[in-house]
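Worksheet: one structure, shown below.
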Amino acid sequence: MYCGVDEAGRGSVMGPLVVGAVFVESDDALLDIGVKDSKKLTPKKRESMYEQIVSSVPGWSVSIASAADIDELRKTMSLNDIEMRMFCRAVSEHPSETVIADCPDVNETGFTSRFKAALGTGGNVIAKHKADDTYPVVSAASIIAKVTRDRMMEEIRERLGTDVGSGYPSDRHTMGFIERWIEENGKAPEYVRCSWEPVRVMLSRRSNTKISDW
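Numbering of the sequence shown is given in the working numbering, commencing with residue 415 and proceeding in unit increments.
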């Protein structure tokens with residue numbers, strides 16, 4: 415058995431960070447499904463492939479950290495450390511001789527060494543950039559992570575009753591929503607990572623008393 419692992423939501427300012435892992439004996443079923451990097455698939459196609467993946471592989475798992483979890487953990491560790499811990503948790507759900515990861519670090523060799531040490535199993539670890547585009551099992555993991563996060567973002571939209579965008583800092587809908595909420599309520603909305611610099615700036619600006627406020 416070997417597994418692939420990837421994340422979705424690492425750089426987002428709103429919503430969870432999700433790590434997905436898929437366990438297989440061979441790539442045959444995944445190749446039949448036609449998996450590829452989740453970013454290259456439409457939402458509808460990702461949903462369809464998600465259902466096919468979970469019904470055809472021996473095992474799969476997800477590890478989820480909410481915005482509040484990330485804010486709390488970042489008081490004592492880096493985002494890289496948080497993600498490493500989540501990678502380890504996800505790939506430990508089922509036994510596997512080899513773990514293939516989409517490397518989130520610029521240094522593939524260093525990340526591979528740290529990941530192997532963190533797992534502590536003595537198994538083989540392969541961490542490569544763009545692994546989600548070259549290894550079918552990592553492509554499948556990226557789909558599991560992305561669909562799980564997309565579903566959670568939809569739940570957030572429903573709870574808040576408004577379009578909050580994708581949750582990423584590059585999305586003007588997301589940033590506009592957060593800014594308006596802070597201006598009106600004096601605090602960040604639930605599901606937002608307050609430890610992220612753009613949010614800290616908004617909160618700081620809102621807390622500063624201006625002459626016009628008097």
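Glycine is no exception: its CB is placed at the ideal position from the N, C-alpha and C atoms.
Next item on the list: Kindly indicate the opening and closing residues of the beta strand (DSSP E) around Tyr605.
Entry: That residue, Tyr605, is in no beta strand (DSSP E); it is neither H nor E in DSSP.
Notebook entry, point to check: So Ser556 packs on Asp564, CB below 8 Å; how close in whole Å?
Noted result: With 8 Å as the limit, Ser556 and Asp564 do not qualify as a contact, their Cβ atoms being about 12 Å apart.
Next item on the list: Report the partner residues of Lys542 according to the DSSP bridge assignment.
Entry: Asp516
Margin query: Would the segment 448–463 count as touching the segment 578–594 if we require 3 or more Cβ pairs under 8 Å?
Written below: no
Notebook entry, point to check: Should Thr526 go down as buried or exposed, given a rule of 16 or more other Cβ atoms within 10 Å for buried?
Noted result: buried
Note to self: Can you give me the C-alpha to C-alpha distance between Asp519 and Val433, rounded to a whole angstrom?
What the structure shows: 15 Å
Check: alpha helix (DSSP H) containing Asp451: first to last residue?
Finding: Neither: Asp451 is in no alpha helix (DSSP H) and is coded neither H nor E.
Check: Apart from the five residues just before and just after Pro509, which ones in its own chain have a Cβ nearer than 8 Å to its Cβ?
Finding: Met415
Item checked: Inter-stretch contact at 8 Å, needing at least 3 Cβ pairs: the segment 602–618 / the segment 444–451 -> no
Check: If we call anything under 8 Å between Cβ atoms a contact, is Ala479 one with Met500?
Finding: yes
Notebook entry, point to check: So, Glu511 versus Asn538, is the Cβ gap smaller than 8 Å?
Noted result: yes
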